[in-house]
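A.B. asks:
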Amino acid sequence: MPAIAIARAAPWWHVKNHPTSGIAPWRLMEMLWRHRDAIDWTRSMVRVGFLATLSMVNAVWALADGALWVRWRRTRIRDDPVFIIGHPRTGTTHAHNTLAMDEGRFGTCTTFDVGFPNGFLTSEWTKGALELMMDETRPMDNMELTMSSPQEDELATNILSGGASPYAAIMFMTEEERFRKFYELREDHEEYPIEPSELKRWKSAFLTFVKKLQYKRGEDKRLLLKSPVHTARVRLLREMFPRASFIFMSRHPYDVFRSAVNMADKYYWQCYFKEPTVAQVLEFILKQGEILHDAYIRDAAELPAEALYEIRFEDLDANLEGTMRKLYEHFGWDDFEDALAPKLRDYSESLRNFKKNSFSELDEETKKIVQRRWARWFTDLNYKT
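Going letter by letter, the sequence shown gives residues 0 to 384 in numbering that gives the first Met the number 0.
(1) What do you get for L212, buried or exposed, if any count of 16 or more other CB atoms within 10 angstroms of its CB means buried?
(2) Could you check if T384 is buried or exposed, using at least 16 other CB atoms within 10 Å of its CB as the buried criterion?
(3) If you draw a straight line from the alpha carbon of R216 to that of A204, how long is it in whole angstroms?
(4) Count the other CB atoms within 10 Å of the CB of M172; is the residue buried (16 or more) or exposed (fewer)?
(5) When you compare only the Cα positions, how much space is there between L53 and Y182?
(6) Could you tell me if T378 is buried or exposed, where buried requires 16 or more neighbouring beta carbons within 10 angstroms of its beta carbon?
(7) Do the region 220-228 and the region 294-301 touch if we need at least three Cβ pairs shorter than 8 Å?
(8) Excluding sequence positions up to five away, which residues of its chain have a Cβ less than 8 Å from the Cβ of E320?
(9) Rounded to a whole number of angstroms, what is the C-alpha to C-alpha distance between V113 and N318?
(10) Would you mind listing the beta strand (DSSP E) stretches within the region 195-245 that are 3+ residues and don't spill past its ends, in chain order?
(11) Counting only runs that start and end within the region 325-381, where is the alpha helix (DSSP H) found for 4 or more residues in a row?
(12) Taking DSSP as the reference, what is the three-state secondary structure of I158?
(13) Entirely within the region 251-299 and at least 4 residues each: give me those alpha helix (DSSP H) ranges in chain order.
(14) Going along the chain, which residues of its own chain have a beta-carbon closer than 6 Å to the beta-carbon of L198, five neighbours each way excluded?
(15) What residues in its chain sit with their C-beta under 7 Å from that of G103, if we drop five residues either side in the sequence?
(16) Whole angstroms are fine: how far does the CA of C108 sit from the CA of Q150?
(17) Assign I22 to one of three DSSP states: helix, strand, or coil.
(18) So the alpha helix (DSSP H) G118 belongs to, where does it begin and stop?
(19) Can you tell me whether M0 is buried or exposed, with buried defined as 16 or more other CB within 10 angstroms of its CB?
Rendered as C-alpha cells:
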C-alpha cells in the first residue's frame, strides 16, 4: 500500500464547494435515506443542515424554472453535441476552456448551470452571492473557478437524479462500489448491471438538463459537453445523439495517478459524509481508471473515424494553437483562424504566469500498482512504464 495521505478529515463546519449545493429537498431526502448507512451523522450534521436549508431555496428556483416549462420543453435538442472525454486529470478542463471560447459555434454549461440545475434559467441574478460558497480557485490545481467558468454536465445530472452518478461516490466513498453501475449504464453489464429504473432516472436527469441548456444557449448552438465519466458511455451517447463527436484526452498514467491522488487530498474531503480509509480512496481511483479505459477502448472501435479525435495532454500543453488547428481540420470546422485563433493567443498569454502543480516521483511500489492495475492503459495508448 503506497504511503499517501488522502483521507484527510473535513472540519465539521466546512460547507464550501459541495457538489450537491443545488439539490432540491425531495432529491436530498431520497439520497440521504438511500445511503443513510454511509453517513456519519455526528460529523456531517452541519453539512447536512446546510444542504437542507439551501435545498429550500433550490425548490423555489425549481418552481420558477417550472413556470418556463411550456417554453423549454419544446426545445429541440440537437443530435450533434461535442463530448470532451478522458480520465479525470488528463486535461479535459483545459480542452473545455479552450473550445468554449468559440462562442459562435458552441454552447456550453457553466459552474452556475450545473451547480444549480433546478433553477439556472431564472435565478442567474444570484450568481454573485452564490460565489461566496466556493473558492476562487479549484482546490486541486489553482485554476480559476467562477460561476461563469465552463463546467462538467455530470454534476447537474448527479443533482437532478439524487445521486444516480459515479460522482455520488465522492460523497459516499465508504460504499463507492454501489455507484460503479453508473459509469457505463448498461443493463447487460457482467459486473455492474444497472436496473432499468436507475437507467431511466439517469437519462431523465441528463436529458432534462441538456434540454434546458439547449433552450438557454439557443438551438443554433452546438452543445459542448465535458465530463470524464462520459468516457465509459460512448456507445450510449452515440445512440442518444447519432451525430455526436468525441474528443478524447489522454495523459501518462503515472501523471494521472499523481494528480488524482492530489485531487483526493485537496478536494474530496470537502464532500464526504463519512470519512473513508486511504485504501478505499485508492481503490476508487484505480478502479475508475480501469472502468473508463476498458469501456472507451471497446466503444471507440465502433466509432467512424470522423467522429473521434484523440489528443495527448502533452501535445495540448506544448502547442495549444497547433493542436486546436488540427482538431478543427479533422472535424471540418473551417473557421479556426477567425473563430478561435485570436482568442487562443490571449488565453495562452493569460496562462503564462499560471503555476502548475509539481509532484514528487512515485515510489517503486506505487509504480508497480499503477502498472498492474492500468496495464491496458500503458499498452493501448503507447505510454512507457
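From the three backbone atoms N, C-alpha and C, an ideal C-beta is built for every residue, glycine too.
C.D. replies: On the basis of the coordinates in this document:
(1) Under a 10 Å Cβ-count criterion, L212 is classified as buried, with 16 or more other Cβ atoms of the shown protein chains found around its own Cβ.
(2) Exposed, because fewer than 16 other Cβ atoms sit within 10 Å of the Cβ of T384.
(3) In a straight line, the C-alpha of R216 is about 18 Å away from that of A204.
(4) With a 10 Å radius around the Cβ and a threshold of 16 neighbouring Cβ atoms, M172 comes out buried.
(5) Spanning the two alpha carbons is a distance of roughly 28 Å.
(6) Classification of T378: exposed, given that the 10 Å Cβ count is below 16.
(7) No contact exists between the region 220-228 and the region 294-301.
(8) Excluding five sequence positions before and after E320, the CB atoms of its chain that fall closer than 8 Å to its own CB belong to A340, L343, R344 and S347, given in chain order.
(9) Approximately 30 Å, taken between the alpha carbons.
(10) Along the length of the region 195-245, whole beta strand (DSSP E) runs at least 3 residues long occupy 221-225, reported in chain order.
(11) DSSP runs (the alpha helix (DSSP H)) wholly in the region 325-381: 335-338, 340-349, 363-372 and 374-379.
(12) Helix at I158.
(13) You should have 252-265 and 277-299.
(14) In the same chain as L198, and ignoring 5 residues on each side of it, the C-beta atoms closer than 6 Å to its own belong to L184, in chain order.
(15) Scanning its chain for C-beta atoms nearer than 7 Å, with the 5 sequence neighbours on each side dropped, one finds around G103 the residues A338, in chain order.
(16) Each residue's Cα considered, the two are about 6 Å apart.
(17) It is coil, neither helix nor strand.
(18) For G118, there is no enclosing alpha helix (DSSP H), as DSSP gives it neither H nor E.
(19) Model confidence at M0 stands at a pLDDT of 49, short of 50, so the residue's coordinates are unreliable and nothing is read from them.
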